[in-house]
Every structure is written in structure tokens, then in C-alpha cells.
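Scroll down for the structure; my scribbles are underneath it.
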Amino acid sequence: MNFDSYLAISMLIGFMAIFIFGSLYIKSKQKWQRTEVYVLMLNSDISCYDCVAGAYANHFEFFFKIFNPEAHYSMLFPVWLKSKNQLLSYSIFSDSELKLKEIVNSISKYEKKCRTEIIQASLKRFQFENLGRLIRSEKDCRIVFVYERKL
Amino acid sequence: MNENFNQKIYYWTTALYFALLIYCLQFFTWSDQYFYRLYYDGLQGLSFEAAYDSYRRMLTAREPMYFLFTYLIQPFFSKEWFDVIFSSFFFLTILIFLKKTKLPKIVVSLLLTSIYFLSIFYVTERLKLAVLFLLLYFIFSNKKSSVIFIFLALLSHAQILILTPFLYFFSKIKLKNRTEIAIFFSIGLFVSTFLIKHLMWKLPLYFQNYSFYNILKPLFFCIISYTFVQRKNWSEYFSFFIPIILVALFLGEGRMTLIAFVGSIYFWSKDKKITISSIMLLISGCYFSLKGISFLISAVLYGDAYALNTFDIIKLIL
Chain H
146 MNFDSYLAIS MLIGFMAIFI FGSLYIKSKQ KWQRTEVYVL MLNSDISCYD
196 CVAGAYANHF EFFFKIFNPE AHYSMLFPVW LKSKNQLLSY SIFSDSELKL
246 KEIVNSISKY EKKCRTEIIQ ASLKRFQFEN LGRLIRSEKD CRIVFVYERK
296 L
Chain L
26 MNENFNQKIY YWTTALYFAL LIYCLQFFTW SDQYFYRLYY DGLQGLSFEA
76 AYDSYRRMLT AREPMYFLFT YLIQPFFSKE WFDVIFSSFF FLTILIFLKK
126 TKLPKIVVSL LLTSIYFLSI FYVTERLKLA VLFLLLYFIF SNKKSSVIFI
176 FLALLSHAQI LILTPFLYFF SKIKLKNRTE IAIFFSIGLF VSTFLIKHLM
226 WKLPLYFQNY SFYNILKPLF FCIISYTFVQ RKNWSEYFSF FIPIILVALF
276 LGEGRMTLIA FVGSIYFWSK DKKITISSIM LLISGCYFSL KGISFLISAV
326 LYGDAYALNT FDIIKLIL
């Protein structure tokens with residue numbers, strides 16, 4: 146009985162310790178800088194369920210955010226294209242120069258049906274409230290990436 | 026050290042863990058929680074019909090229980106307080122339930138730290154409500170009227186349907202007179218009207234996830250549990266795993282693995298013998314706890330618990 150208690154206590158304390166120190170350590174490695182904002186909009190017929198289910202981040206140098214300048218509100222938006230478009234990977238983004246055109250070309254090459262559009266800085270046309278609908282609508286799926294460039 | 030002292034330390038550690046979980050609620054800002062928050066905050070001042078419409082559109086759900094629950098509570102509590110109270114009640118209920126099952130403490134700890142428990146605790150609110158009702162059913166299962174909790178669970182999340190064959194064998198429902206039969210079937214009919222509508226709408230979406238690989242993890246737990254089952258439990262065993270494996274085929278393995286994992290622990294708890302299968306179950310539990318850590322770290326960093334997987338986290342730490 147005692148042994149069981151020891152194990153359970155160690156398990157819980159170990160879990161909490163790894164979680165707390167792990168997050169602090171990773172957070173200390175982050176170097177966020179906010180400068181320019183780019184939005185990359187893809188209109189594609191990729192299932193949005195797939196996008197959300199396959200969401201993952203593989204780097205910390207850059208990250209995507211949904212940004213609503215009117216509401217002064219920003220939020221992490223880790224929706225990546227799943228397997229098909231893993232061209233959007235570290236190798237592209239780790240370049241010191243942001244090459245949006247290259248990214249768009251790579252995506253278009255890979256997914257020919259995609260119509261891509263880049264909006265730089267001006268985000269007013271993007272309706273934040275409609276985000277849920279945009280993401281969840283199956284047929285006209287728009288995947289919106291807001292890219293904050295680190296200078 | 027005496028046993029009493031150990032018990033106290035264990036309870037205090039669990040309380041500390043619970044405090045940490047509650048503290049982390051604030052980090053879940055994206056993924057499902059984002060939509061739940063939008064829905065909950067948007068309820069203010071809406072009529073009943075408009076609120077239900079908003080519920081259907083924003084959460085793409087039709088089960089009425091969560092809607093009624095939030096609609097009644099929203100005027101009194103902000104989303105933050107709602108989360109804290111609801112999660113605390115859920116945690117307390119799960120502790121009472123686990124205490125009743127008399128599982129070893131290490132198994133309880135593994136369950137409480139697993140990614141599946143955490144995802145129910147933080148992300149899937151409708152499922153949390155459904156699981157809460159199921160737990161209440163198991164806690165009060167010695168009373169006949171507790172069957173009402175199964176109906177409430179079904180009205181909270183349609184996926185509880187997967188468990189109904191098992192619950193039938195588990196509860197050994199015996200209806201004695203016509204009044205009982207009438208009441209039982211009337212409630213059943215009422216529940217089905219909601220579920221059929223919901224399923225007709227959701228099933229086509231689910232079928233997109235069809236893959237044979239989906240069944241591998243639930244099948245693993247099914248095979249492990251086979252070694253735990255005693256002769257009189259076969260009906261429970263088959264009624265539990267067959268629907269899970271079938272549904273996993275179409276729906277995806279995520280939640281089905283959760284149910285299969287909990288089911289394996291249930292079948293193991295019948296005799297609690299230490300065998301190779303139970304060790305494999307323990308190792309699986311450790312793996313799910315490891316995933317639980319990455320789940321929480323991802324939420325702290327990104328607001329979305331699914332933004333990073335375990336290997337990403339390990340890569341980042343190393």
C-alpha cells in the first residue's frame with residue numbers, strides 16, 4: 146500500500162515538475178519580435194477538419210497569428226496545412242529574408258487548385274468574427290496565415 | 026512513515042495537481058475553447074431560439090444539454106468562473122468515482138495525468154458534461170433512477186451512444202411493470218429525436234476520416250483486455266470493444282483510444298492481477314501521461330494544446 150502511495154506521489158510530482166520546468170525552459174528560448182505583418186490567404190478545397198487535426202508547429206522563430214487591428218486583438222493561430230503542403234516547413238521560413246512569393250509558388254505548384262492571395266499589412270477586410278465560419282466551412286475553406294516577420 | 030501520513034501526502038499532492046490544472050485553464054485560448062468562449066460570451070441578451078441557433082452554428086452541435094446548461098448559467102458567471110466551477114466539479118466527481126472503484130493510486134494518477142483526461146478537462150466541454158453525467162451514473166448505479174444520467178449523457182454528447190451496448194449489460198436494467206417500460210421508452214424516444222437529427226448531419230463528416238489504421242490503438246487495448254476478462258464478463262467485453270473498433274474505423278482513433286484505454290483499466294480492475302498485459306497497460310498509461318505533459322506545454326506556449334506534439338516538445342527541450 147505504501148509503495149503504491151509513493152509511486153502515485155512521485156508520478157504526480159514528476160508530472161508537474163517536468164511540465165513547469167519544460168514550459169519555462171522552452172519559453173526562455175523563444176525570441177518573439179513583432180514587426181511586419183503579412184497575411185497569406187489560401188482558398189482551397191482542403192478539408193478544414195484535416196487542417197485543424199493536423200495542426201502542428203515545428204519551429205519557434207516564426208509563428209502565425211490572427212490579427213485584428215481594429216480590436217487590437219491578436220491570437221495564435223496554429224493551423225497549418227496538413228501533409229500535402231508541408232512545403233510550408235522550416236526550410237522556407239528559416240530564411241532570413243521573407244519570401245512570400247516563393248511560398249505562394251511552392252503551394253500553387255503543389256496544390257494547383259489553390260488560389261492564393263497576399264495581403265500585406267492591411268488586415269481590415271478580414272472579419273475576425275467570421276473566422277469560425279471560415280475555418281469550419283467545408284467547401285470554401287480559407288486558410289489564413291498571418292506572418293510576423295522577425296527583423 | 027505510517028499509512029495515514031502517506032494518504033495525507035497523496036491527497037495534498039492531488040490537491041496541488043488540481044490547483045495547477047485550474048491555473049492552466051487560462052492558457053487554453055485557441056482550438057475548441059476559442060469557439061466555446063465566443064459562443065458563451067455571445068449568449069448575453071440572446072433569446073432562447075437565437076441562442077440555440079448560435080450554439081448550432083458556432084459549436085456545430087445539436088445536443089441540447091450543454092446548450093441548456095450554459096444558457097441557464099451564463100447570466101450569473103463569466104466564462105472564466107464557469108470554467109473554474111465546472112472543471113472543479115468535474116474533477117471532484119472523477120475523484121469520488123475513482124475512490125469508489127478502489128483502483129491503486131498509481132493507476133488513478135496515470136489516469137489523471139493522461140492526455141485523454143486533460144483533453145476532456147480542458148478542450149471538449151460537451152464531452153466533459155457527458156462524462157460528468159456518466160460518472161454520476163456510475164457513482165449512483167445502485168439506484169434504478171440513476172439511468173436518467175445515461176439519457177442526460179446522451180443528450181450532452183452523441184458519442185455516448187457508442188457506450189450504450191456496454192451500459193446495457195453493465196446496468197442489467199430490468200423493467201418490472203408497464204409504467205416503468207412506458208417511462209423508459211418515452212425518454213428513449215425523446216433522446217433519439219435529438220440524436221437522429223444530429224447524427225444525420227454529422228455522420229457524413231465522420232465518414233471522411235475512414236482509415237483502417239484508426240483501429241490499431243483501440244485494437245491493442247481490446248487484445249490486452251482479453252487477458253483480463255473473466256468468463257461472466259464476455260458480454261460486457263464484446264459490447265464494449267466491438268462498437269469502439271467499428272466507430273474508430275470511421276471516426277478516427279483519438280477518442281476511441283481514450284474509451285478503449287479506460288475500458289482496459291475497468292476490465293483489469295476486476296481482479297487487479299499483475300501480468301504482462303497489465304504491465305503493458307501501465308506502460309501505455311505512462312506514454313499517455315508523457316503526451317499529457319506536451320499537451321499542457323503546447324497550450325501554455327500556443328494557447329492550443331494540439332499545436333505541438335510530444336516529439337516537437339522533446340526536440341525543443343533537447
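One line per chain: the protein sequences are H and L, in this order. Heads up: the first sequence at position 149 corresponds to 294 in the numbering used here, and the numbers run straight through without jumps. Heads up: the second sequence at position 106 corresponds to 131 in the numbering used here, and the numbers run straight through without jumps. All C-beta atoms, glycine included, are put in the ideal place defined by N, C-alpha and C. Given the structure is predicted, the values throughout are model-derived calculations rather than measurements.
- Annotation: K153(L) to F142(L) spans about 9 Å, alpha carbon to alpha carbon.
- G317(L) is a Cβ neighbour of I140(L), given a cutoff of 7 Å.
- At least one beta carbon of chain L lies nearer than 7 Å to the beta carbon of A153(H).
- When Cβ-Cβ separations below 7 Å define contact, V325(L) makes contact with chain H.
- Closer than 7 Å to the CB of S196(L) there is not a single CB belonging to chain H.
- Shown here, E150(L) sits in a helix according to DSSP, grouped into three states.
- At a cut-off of 7 Å between beta-carbon atoms, Y235(L) makes no contact with chain H.
- By the CB criterion at 7 Å, S294(L) and L180(L) fall outside the cutoff.
- When secondary structure is reduced to three states using DSSP, Y64(L) falls in the helix class.
- DSSP, read as helix, strand or coil, puts D108(L) in helix.
- Taking all protein chains in view, the Cβ of F286(L) is crowded by 16 or more other Cβ atoms within 10 Å, so the residue is classified as buried.
- Nearest CB-CB separation between L169(H) and chain L: not below the 7 Å threshold.
- Taking every protein chain shown into account, the CB of Q51(L) has fewer than 16 other CB atoms within 10 angstroms, so this residue is exposed.
- Here T126(L) is exposed: its Cβ has fewer than 16 other Cβ atoms, across all protein chains shown, within 10 Å.
- Note that the segment 243–258 of chain L touches the segment 287–307 of chain L; at least 3 beta-carbon pairs, one per stretch, sit closer than 8 Å.
- Ranking T118(L), S302(L) and L188(L) by CA distance to the CA of I270(L) puts L188(L) first.
- Under the DSSP assignment, D78(L) falls in the alpha helix (DSSP H) whose first and last residues are F73 to L84.
- Residue-level contact check: Y35(L) touches chain H, since one or more beta carbons of chain H fall below 7 Å from its beta carbon.
- In terms of CA proximity to T95(L), D66(L) leads the group D66(L), I119(L) and Y42(L).
- Neighbours of S150(H) across chain L, judged by C-beta separation under 8 Å: E28, N31, Q32, I34, Y35 and K130.
- In the three-state reduction of the DSSP assignment, Q58(L) falls in the helix class, which pools H, G and I.
- The Cβ-Cβ distance between S155(H) and N31(L) does not fall below 7 Å.
- Residue contact check for L45(L) against chain H: a CB pair falls below 7 Å.
- Taking the Cα of I145(L) as reference, the smallest distance to any Cα among F111(L), V172(L), F176(L) and S171(L) is reached at F111(L).
- Judged by beta-carbon spacing, F191(L) lies beyond the 7 Å limit of S236(L), meaning their Cβ atoms are not closer than that value.
- Burial check for R203(L): the Cβ neighbour count within 10 Å stays below 16, so the residue is exposed.
- Between the segment 98–116 of chain L and the segment 60–80 of chain L there are three or more C-beta pairs closer than 8 Å, enough to call the two in contact.
- Close partners of T39(L) in chain H (Cβ separation under 7 Å): L157.
- Scanning its chain for C-beta atoms nearer than 6 Å, with the 5 sequence neighbours on each side dropped, one finds around A178(L) the residues A155, F158, L159 and I185, in chain order.
- Residue L117(L) holds the alpha-carbon nearest to the alpha-carbon of L161(L) among K130(L), L117(L) and V148(L).
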